[in-house]
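Asker: Residue numbers (the UniProt record's numbering): 1 to 591. Glycine included, each C-beta is placed from N, C-alpha and C at the ideal position.
Right, dumping it as structure tokens:
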């Protein structure tokens, strides 16, 4: 339990007093020795020896006291006892200086008298400074030092001594007032320091509590996200399979509603995944030349149907500009801006254009929507913040698009500008560096590549029976031969009966206690001595899983995966395997 501030202040005062004690007793010894050496010719030997011995003894005792304090480092509970020891030391030293006014104050030698009075005044000033942290120690020294000699001089017949005695007694309240103010300032500094330390400790504790709560929340959300993604992934696959069957118009209408709901949920999970990956800093930036014309064409194909459904225009101004950026991240950034513009535009349309400037290329997204008030133009980039959507209408989005845009601009290190007026629309723009080299041809899956799925041997591993069954049925509908298993051990056992290496491993990341999907892939590659392509489909969104899978030379897809995206991923990996096999065959023929 932390002691109260007054107790801690007093303990700090005593600690500071002991810290200055060596200067105090050494100064006292030097002053007394200096005076004795100077006054030796006029002082009786016994007085000289007696007072000198007393001064040395008090200095030795205070030195031993200081060493004991430093050795023991007493706590707050022992403050009173050590304060008393310090007061006794100061009081004894003051009494010996006061006694010096009787023993070594030569009545017939005014010069030595003035010298001694000078030392008394100096020691009083030194005590005011050395004992500033603890005022009682000052009075314990100053009163017996000054008062006896001052009273003695007042009782003398010499007018000069009376005047000096009066001055000496008057000096005591003056130096006392100085010591009092200095002690108050020191005490106030101690109080402020302890209050600041308490505030800092409280801030640290609250920060730790907040971090712990954040960790617990993240763990809960990660677990909830994983558990929710599993059935949604199965539902997406099963819905796609259901669509391939014979259905009436009413059933197809219901199925369309189901797919819309699945698409909305998938969009939410994908947005949350993008946010977590951006915040975790695990997204690599691969800069290269990006042809804006090709990027605009992809975005137009992606959002044309959405704009037509709202009966608003969507225009991408043709451009041959080439910029230097990350093609995938830039597409995500502009896609979120276009999606946001379409969502908040009821009449008119959306225009996307690229303008060359002296500093590069500025890409602008214009809309004729509701506009954004100045007081909301900073808040819209916060996660889940939406203007005018208190009821959380899902048709108005999730409030994550612009938050993702803001994080992407920071990741890509490009400036983002916003100009908007309520009722007159908005303009978002980003400035990009122009590329000196030409953009590479747009890469994609060759339409003929999906034909290679027919006859491909795919190992499917997932401990969820519904997902495993849906994945197997989907792959078989594409013409694949499927070997399914619920665990790594079962997959290895069944793979041992194969006469050739599988063409692809499609596995969940979590396979139970025996192994992860990544470990299974490594064992299968070792078993067949081939770099078998692998696709890890997982509900885990943590940065650690992403790093591990990518380091294991595997492709990762996060549940729920749309069947079209899964087909593209499988086709791409199979095409890569065929190309690698062809290269190996060519090298063998050439050899």
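Kindly confirm or deny that the region 315–326 and the region 286–303 touch, where touching means at least three C-beta pairs closer than 8 Å.
Answerer: Enough Cβ pairs lie closer than 8 Å, so yes.
Asker: Can you list, in chain order, the residues of its chain with a C-beta nearer than 7 Å to that of residue 403? Leave out the 5 residues immediately preceding and following it.
Answerer: Here the question's residue 403 lines up with position 403 in the chain shown. 275, 381, 382 and 383.
Asker: Once you ignore the five residues that flank residue 362 on each side, which residues in its own chain have a CB closer than 6 Å to its CB?
Answerer: Position 362 of the chain shown, counting from 1, holds the residue named residue 362. Excluding positions up to five away in sequence, the list reads 355, 429 and 431.
Asker: Whose C-alpha, out of 194, 146 and 120, is nearest the C-alpha of residue 30?
Answerer: Your numbering for residue 30 matches position 30 in the chain shown. If we check each option's Cα against that of residue 30, 120 comes out closest.
Asker: If I'm right that residue 505 touches residue 521 with Cβ under 8 Å, what's the distance once you round it to whole angstroms?
Answerer: As a first step, residue 505 must be located in the chain shown, where it is residue number 505. As a first step, residue 521 must be located in the chain shown, where it is residue number 521. So it is a contact: roughly 5 Å between Cβ atoms.
Asker: Alpha carbon to alpha carbon, how far is residue 189 from residue 8? Give it in angstroms, no decimals.
Answerer: The residue labelled residue 8 in the question sits at position 8 within the chain shown. The residue labelled residue 189 in the question sits at position 189 within the chain shown. Approximately 12 Å, taken between the alpha carbons.
Asker: Output needed for residue 98: all residues of its chain with C-beta closer than 8 Å, excluding positions within five of it in sequence on either side, in chain order.
Answerer: Taking the chain shown and counting its residues from 1, one reaches residue 98 at position 98. Cβ within range, chain order: 144, 145, 146, 147, 148 and 149.
Asker: Starting from residue 516, follow its DSSP beta bridges and name the residues at the other end.
Answerer: What you label residue 516 is simply residue 516 of the chain shown in a count that begins at 1. DSSP lists 510 as partners of residue 516.
Asker: For residue 250, does the count of other Cβ atoms within 10 angstroms reach 16, so buried, or fall short, so exposed?
Answerer: Taking the first residue of the chain shown as position 1, residue 250 is located at position 250. Exposed: under 16 other Cβ atoms inside 10 Å.
Asker: Going by alpha carbons, who is nearest to residue 4 out of 198, 73 and 72?
Answerer: In the chain shown, the residue the question calls residue 4 occupies position 4. The shortest C-alpha separation from residue 4 is found at 198.
Asker: How many Å lie between residue 446 and residue 209 at the Cα?
Answerer: Working through the chain shown from its first residue, we reach residue 446 at position 446. Working through the chain shown from its first residue, we reach residue 209 at position 209. Only weak support exists for where residue 446 lies, its pLDDT of 49 falling under 50; the value from the coordinates is given anyway. In a straight line, the C-alpha of residue 446 is about 53 Å away from that of residue 209.
Asker: Can you find at least 3 beta carbon pairs, one from the region 106–118 and one from the region 26–40, that sit closer than 8 Å?
Answerer: Touching, yes.
Asker: May I ask you to list the residues that DSSP assigns as paired with residue 364?
Answerer: Within the chain shown, residue 364 is the residue found at index 364, counting from 1. Answer is 353 and 429, bridged to residue 364.
Asker: Of all the alpha helix (DSSP H) runs that stay within the bounds of the region 53–118, which reach a length of 4 or more residues?
Answerer: DSSP runs (the alpha helix (DSSP H)) wholly in the region 53–118: 79–103.
Asker: Helix, strand or coil, according to DSSP, for residue 45 in the structure here?
Answerer: If you number the chain shown from 1, residue 45 lands on position 45. Residue 45 falls in the helix class under three-state DSSP.
Asker: What are the boundary residues of the beta strand (DSSP E) that residue 485 is part of?
Answerer: Residue 485 sits at position 485 when you count from the first residue of the chain shown. Here the beta strand (DSSP E) through residue 485 covers 481–485.
Asker: For the alpha helix (DSSP H) containing residue 472, name the first residue and the last one.
Answerer: If you number the chain shown from 1, residue 472 lands on position 472. Segment 465–477, the alpha helix (DSSP H) holding residue 472.
Asker: Got a sec? Which residues, its chain only, sit under 7 Å from residue 259 by beta carbon, not counting five neighbours each side?
Answerer: For the purposes of this step, residue 259 is identified with residue 259 of the chain shown, where counting begins at 1. Here the set comprises 239.
Asker: If you follow the beta strand (DSSP E) that residue 287 is part of, which residue opens it and which one closes it?
Answerer: Along the chain shown, one-based indexing puts residue 287 at 287. Where residue 287 is concerned, there is no enclosing beta strand (DSSP E), given that its DSSP letter is neither H nor E.
Asker: What are the start and end residues of the beta strand (DSSP E) that includes residue 322?
Answerer: The count along the chain shown starts at 1 and reaches residue 322 at position 322. Looking at the DSSP string, the run of the beta strand (DSSP E) that includes residue 322 is 322–325.
Asker: Measure the C-alpha to C-alpha separation of residue 200 and residue 372 and round it to an integer number of angstroms.
Answerer: As a working note, residue 200 is residue 200 in the chain shown. As a working note, residue 372 is residue 372 in the chain shown. C-alpha separation (whole angstroms): 39 Å.
Asker: Tell me, please, which residues DSSP counts as bridged to residue 534.
Answerer: As a first step, residue 534 is located in the chain shown; it is residue number 534 there, counting from the start. BP columns for residue 534 point to 505.
Asker: Using only CA atoms, which one of 369, 567, 360 and 229 lies nearest to residue 422?
Answerer: Looking up residue 422 in the chain shown gives position 422. Checking every option, the nearest Cα to that of residue 422 belongs to 369.
Asker: On a Cα-Cα basis, can you pick out the residue from 48, 78, 94 and 45 that is closest to residue 62?
Answerer: Taking the first residue of the chain shown as position 1, residue 62 is located at position 62. Closest by alpha carbon: 94.
Asker: Taking C-alpha atoms, which residue in 433, 69, 118 and 376 lies nearest to residue 34?
Answerer: Here the question's residue 34 lines up with position 34 in the chain shown. Considering only alpha carbons, the answer is 118.
Asker: For residue 153, is the classification buried or exposed, using 16 other Cβ atoms within 10 angstroms of its Cβ as the cut-off for buried?
Answerer: Counting from 1 along the chain shown, the entry for residue 153 is found at position 153. So residue 153 counts as buried.
Asker: Measure the alpha-carbon distance for residue 48 versus residue 73 and round it to whole angstroms.
Answerer: Position 48 of the chain shown, counted from the first residue, corresponds to residue 48. Position 73 of the chain shown, counted from the first residue, corresponds to residue 73. Cα to Cα, the separation comes out at about 38 Å.
Asker: Let me check understanding here. Comparing Cα to Cα, which of 17, 364, 64 and 496 lies closest to residue 417?
Answerer: What you label residue 417 is simply residue 417 of the chain shown in a count that begins at 1. Cα-wise, what sits closest to residue 417 is 364.
Asker: Less than 8 Å between the CB atoms is what I'm expecting for residue 175 and residue 213, so what's the real figure, rounded?
Answerer: For the purposes of this step, residue 175 is taken as the residue at position 175 of the chain shown. For the purposes of this step, residue 213 is taken as the residue at position 213 of the chain shown. At roughly 56 Å, the Cβ-Cβ gap does not stay under 8 Å, so residue 175 and residue 213 are not in contact.
Asker: With residue 262 and residue 242 assumed to form a contact (beta carbons below 8 Å), what rounded beta-carbon distance in angstroms separates them?
Answerer: For the purposes of this step, residue 262 is identified with residue 262 of the chain shown, where counting begins at 1. For the purposes of this step, residue 242 is identified with residue 242 of the chain shown, where counting begins at 1. Residue 262 to residue 242, Cβ: 12 Å. No contact.
Asker: Residues in its own chain within less than 7 Å of residue 392 by CB, not counting five upstream and five downstream?
Answerer: Here residue 392 corresponds to residue number 392 of the chain shown, with the count starting at 1. Confidence at residue 392 is low in this model, with a pLDDT of 46, below 50, so the placement of that residue should be treated as unreliable; the coordinate-derived value is given next. If we look at residue 392 and ignore the five residues flanking it on each side, it has no Cβ neighbours.
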